[in-house]
Every structure is written in C-alpha cells, then in structure tokens.
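Q:
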RNA sequence: GCCGCGUUGGUCAAGAGGUUAAGACGCCUCCCUUUCACGGAGGAAUCACGGGUUCGAGUCCCGUACGUGGUACCA
C-alpha cells in the first residue's frame, strides 16, 4: 500500500522558457524541491509561457535537462501531468478570463482601452524630475480610456466593436497591504503607491500577476517560493487572493534573496567577463546565437553545484558545509534562509567541486572522465587501468576537465618536456645514471613499484647522487612537467617498455 | 524620484543583550613531500556610520549612508 500519507504541501517552480537557467533560478528550484521533499510534499514544475513574444525554441527542454542533471525530478510537470493540468500556462489560457471578469463585476478591476501610444503619451506628459516613471494609478486613471472613466455606453460600444482592451486591477485607496513572508516576516505596502497592474493582456493571455494567483489556487499550492525581485509586486498578488479565493487559502510566501555577481546583479555578462559559468548547462540562444557556458560543461559535478547553491543563502547552523541532496533534504529549513543577497564567489564554487571530486568514487567519476578523454581522442586502454589512474589523480583535480592534463601522460608520452627544469643541474654523471638505469630496469624481473624504486636508489647511491636530485628529472621524463603522483608509481603503471622509451627519448631532448 | 528589501573580515557566514565575535573560501608562513596536490600547524583581516534604549548592544529602536529589486499589455 502507499505508505506515504500524501502531505498537503505542494510547491512549484515556475520558470519562463525564455533562455538559460541561471544560478538564481536553480537555487529557487532547489529550495522548492528541498522544502517539498523535507515535508513529504509534491514538487511541481509549471511553465510560465504567457508572453508569446518571448518564446524561445528549446528553452523548455533545456529546463528539463538542467533539472535532470541536478537530480531534481518534478512530481508533476508538463511532461508528467498530475491532476491539476495543464502545466503550461499557454495551455490554460481559457481559465484566466473568467476570474478577470469576476473582478470587473465586483468593481475590483476594469477594462482599459488605452493604446500603447496613449500610455506613452500619459507617461511622457506626467513625467517630471521627481516622478520619472508615472504610474497608471488612482491619480490618473480617470483621465484614461477605461471603463471607470468612460460612460457605460461607450464602453459597451467599444466592447462590441471589438476594440482591443486589457483588464487592470483597480488598486484601492488608502489601504495598507501587508503579509507575512516566511523569510522577511511582516512586509507592508501602501496601496496608493501601487499601480493598476494589467491582469489580462489584449491577446487574452493573463499577465504573470493573474496567472500565478489563479494557478497557485487551482494547483493547490501551499508554499510559494520565488526570487526577491517579486516582492514589490506582492501587494497585487495579495489583493487578488483576497478578492478571488480568500486570504485564508493563500500560499505561504517566501521571497528568496538574490544571488549577486562581482558587481551587483549577477548577469551572464559577468560570466563571460570573469570566466565563470552562470547557467546550469551550456545554452545558445537560437536567435542571437549568443553562447553562455554552463557549470556542467565547465566540469562541475551536479552534487557540487547543488551543494554550493544550497549554501548560498542557507546554512544548517553547524560547521558542516558539504551536503549531499539527501542531507540537504533532511537538514533544510526555511527559517535558516537568509534575508540578504549573497555574492557568488567562483573560488569557493571550485572548492566545492574539488571536495566533491575527492569524495566521489572512481566508479562514479569513470564515465565522466572517460567521456572527456573520448572527446580528446585519447585511447584510455582498459577500464581497470583507467580507473587506477583516476584514483591516483583525483585529489589533484578541481574541475572534471583537469583530469585531462593531470593524467594524459598515463596514456601517451608527453608532447613537451619541461627540459628547462632539469638542464641547469644536468651533468655527465646524471646522464650516465639514466643510461645505466635504463639497462638495469630492462633487466628487472618483476616490474613492481618497490623493485623499480630499489633499483633507482641503489644506482643513485653507487653514483653518489642524492636520489632526490634524480627524481625530478625522472618525473619530467615520464610526465613532462612538475606534477603528478609518485614517480615510481607512474613508471610502474605505464609499464617497462614505455618507461624506457620515455627516458631515452628525454635524454636526447635534454642534450639538444 | 518614489516604494520595497537588505547591510558581521575581500567572499560565504555563525551569532537571537554579557563570547578572547565561530567556521569555510581566498591570501601569507611553516611542516609533510626533494614534483604537484592531499593532509597538518599558524597568521593577517570583520560587526557601514550617527544617535538613542540599557548596568551592558554586532544583537533592540530611530535616522543617515550604501547596496539591491521594483516602478512594462516581461517574467
């Protein structure tokens, strides 16, 4: 039987499919998801595509892919409808109008026939230094073309003629509109300072304001998380709830703090400028062809991406910083979400990834690293060999892409040798050491680490050279540079033949 | 301009009237390692400012400054 008694907690992530999914967006989904899972609730993905002029092909699929990569699976979505569909607002178009009309009947909204030009004119005429952006509000609405200012006959005539109109909310005068936000607590607004927002557009589509309220009601949303950029329009939503469905049915709001870039608001430009990704995954705008790099392709592990995002605006109150999704679900609490915006720090982001690479098993890393080498056309030999290599170098990799540089030399002789690192201290004695070493290594019966090391060290003693002075040249010969795991380990792994080849070829390079 | 929200080291942050103001990233020094990392030990660095309230304020109140969001038939 279904052991989970379905909780009444229902949350939704409601993106507009207009482009890439940036950090802030993913964090909003994350907090939604964590909250839902924590309370055994339902996580819904609703596509807010009411602005047909901003439709971008592929953006919706892109969102699914990002969520999937992040390990976030919606319980209900356009692709997996539950009982409150459709899950795309464009497909719910017919549902909104009646609510807008109901408001008109109750005197809480009105028809407005103003054209774009009328609005522009109103704004330019009322614009002053003290009021650079005049609002369509109580002070001016009686001077406009709407059902409040016009006589009933004219209004009826316009409607019959099919003159285009929008429906605007009629903001009440002298009211304090307040609500209790889960993060900001009591927030209040003066109704006089809020304008008569458009609810239903001329094309019959609702604006965001009407659509969120209606959909949240119809979809039985219990808790609504969104970015803080929405806080200013909250009074419109509160009023709509009051007029249409009752404040007692309104979801609990939580306005999440913004994620900022190095200089204020985080933009995709910041990414290009400072060399860090801003989107979850690579995104190319189909119209402008503008490309924006994603965390995935940059070499981030989804676990790390989720982890770092979770910590940007929340912490568990302990010193723990590394959290898996399961741990986040267990520990997350909305009370511990911060009020203030957090500046994104790429250095810290990389640290999270580094930690997660170290935490990951070679088993888990294998497909990712293998894929990396395939794109570079490197033959990675057997799976076991490859996995040994991964285990050896993973603590040296911050991004998945680092695995290339950190381990190509296990598969191919290095293209270039940092000969300058050995030349200054090179001499006849060392030259002869390596020549003899090759002969001795060739004779070695078993090619294991200890044998190689003993052979190397005994010969060094014989030649009265400190082994340490020879290890660096040896490393350069095998690896090409001053990095990587223990030299004898490397020699052992790449095999006798390859080791000898590399030493010999390096010898000629050093002497030229 | 107006309205909303915010303000603890460079960054993320703990802190809910009495603390030597945690911890992490980054930076620096040292140890380990004759490579690079990992690991370990240290170090520099903070309560935006001004007034209150209080025996006592990073914590409460009020201003100011600064930041940020909104001010669209975009979300």
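In our numbering, the protein residues as written are 35 to 546. Built from N, CA and C at the ideal position, the CB exists for glycine as well.
(1) Over the uninterrupted alpha helix (DSSP H) stretch that includes residue 61, give me the two end residues.
(2) Do you know how far the Cα of residue 186 is from the Cα of residue 225?
(3) Does the region 97-106 come into contact with the region 326-346, if we say contact requires no fewer than three beta-carbon pairs (one atom in each stretch) closer than 8 Å?
(4) Alpha carbon to alpha carbon, how far is residue 126 from residue 249? Give it in angstroms, no decimals.
(5) Identify which residue in 533, 509, 521, 435 has its Cα closest to the Cα of residue 478.
(6) Return the chain-ordered ranges of every alpha helix (DSSP H) run that is complete within the region 348-428 and spans a minimum of 4 residues.
(7) For residue 359, tell me which candidate among 54, 63, 48 has the shortest Cα-Cα distance.
(8) Under 8 Å, with one C-beta from each stretch per pair, do the region 234-243 and the region 173-185 reach the 3-pair mark?
(9) What did DSSP end up calling residue 202 once you bin it into helix, strand or coil?
(10) If I measure Cβ to Cβ from residue 193 and keep anything under 8 Å in the same chain, skipping five residues before and after, which residues do I get?
(11) Whole angstroms are fine: how far does the CA of residue 45 sit from the CA of residue 120?
(12) Would residue 528 be called buried (16 or more neighbouring beta carbons within 10 Å of its own) or exposed?
(13) Tell me whether residue 37 is buried or exposed, calling it buried when 16 or more other Cβ atoms sit within 10 Å of its Cβ.
(14) Going by DSSP, what residues sit across from residue 76 in a beta bridge?
(15) If you drop the 5 nearest sequence neighbours on each side, which residues of the same chain put their C-beta closer than 7 Å to that of residue 345?
(16) Which residues in the same chain as residue 48 place their Cβ atom closer than 6 Å to its Cβ, once the five residues preceding and following it in sequence are excluded?
(17) Mapping the DSSP letters down to three states, classify residue 228 as helix, strand or coil.
(18) Within 10 angstroms of the Cβ of residue 414, are there 16 or more other Cβ atoms? Answer buried if so, exposed if not.
(19) Quick check: the Cα distance between residue 292 and residue 58, rounded to an integer number of angstroms?
(20) For residue 54 and residue 523, what's the separation of their Cα atoms in angstroms?
(21) If contact is defined by three or more beta carbon pairs under 8 Å, each pair taking one atom from either stretch, is the region 208-218 in contact with the region 147-163?
(22) With C-beta atoms as the reference, is residue 507 less than 8 Å away from residue 543?
(23) Please list the terminal residues of the continuous alpha helix (DSSP H) segment that includes residue 466.
(24) Using the C-alpha atoms, what's the distance from residue 385 back to residue 435?
(25) Could you tell me if residue 575 is buried or exposed, where buried requires 16 or more neighbouring beta carbons within 10 angstroms of its beta carbon?
(26) Alpha carbon to alpha carbon, how far is residue 247 from residue 287? Give it in angstroms, no decimals.
(27) Since residue 300 and residue 526 should fall inside the 8 Å C-beta cutoff, what is the C-beta to C-beta distance between them, to a whole number of angstroms?
(28) Looking only at DSSP bridge pairs, what is residue 258 linked to?
(29) For residue 108, which residues of its own chain have a beta-carbon under 8 Å away from its beta-carbon, when the five flanking residues on both sides are left out?
(30) Let's see if you can read the secondary structure: which residues bound the alpha helix (DSSP H) around residue 340?
(31) Is it buried or exposed for residue 176, if we count other Cβ within 10 angstroms and need 16 for buried?
(32) Between 274, 294, 111, which lies nearest to residue 261 when the distance is taken from Cα to Cα?
(33) Tell me whether the beta-carbon of residue 230 lies closer than 8 Å to the beta-carbon of residue 201.
(34) Just curious, the beta strand (DSSP E) that residue 215 is in, first and last residue?
(35) What residue from 352, 117, 245 has the CA that sits closest to residue 128's CA?
(36) What number of angstroms, rounded off, separates the C-alpha of residue 304 from the C-alpha of residue 310?
A: The structure says:
(1) Unbroken alpha helix (DSSP H) run through residue 61: 57-72.
(2) 27 Å
(3) yes
(4) 9 Å
(5) 533
(6) Whole alpha helix (DSSP H) segments, 4+ residues: 359-365, 380-393, 396-409, 417-427.
(7) Check the Cα spacing between residue 359 and each of 54, 63, 48: the tightest is with 63.
(8) no
(9) strand
(10) 145, 199
(11) 16 Å
(12) It is buried - the Cβ of residue 528 has at least 16 other Cβ atoms within 10 Å.
(13) Here residue 37 scores only 40 on pLDDT, less than 50, and its place in the model is too uncertain to base an answer on.
(14) 44
(15) Excluding sequence neighbours, residue 345 sits near 355.
(16) 80, 82
(17) Of the three classes helix, strand and coil, the one that applies to residue 228 here is coil, per DSSP.
(18) buried
(19) 7 Å
(20) 44 Å
(21) no
(22) no
(23) In this chain, the alpha helix (DSSP H) harbouring residue 466 covers 462-477.
(24) 15 Å
(25) In the structure as shown, the chain starts at 35 and stops at 546, and residue 575 therefore has no counterpart that could be examined.
(26) Using only the alpha carbons, I get a separation of about 12 Å.
(27) Going by Cβ atoms, the distance from residue 300 to residue 526 rounds to 47 Å, so no, they are not a contact pair.
(28) 287
(29) Non-local beta-carbon contacts of residue 108 in its own chain, meaning distances under 8 Å to residues more than five positions away in sequence, involve 47, 77, 78, 79, 101, 114 in chain order.
(30) 336-344
(31) exposed
(32) 294
(33) no
(34) 210-215
(35) 245
(36) 8 Å
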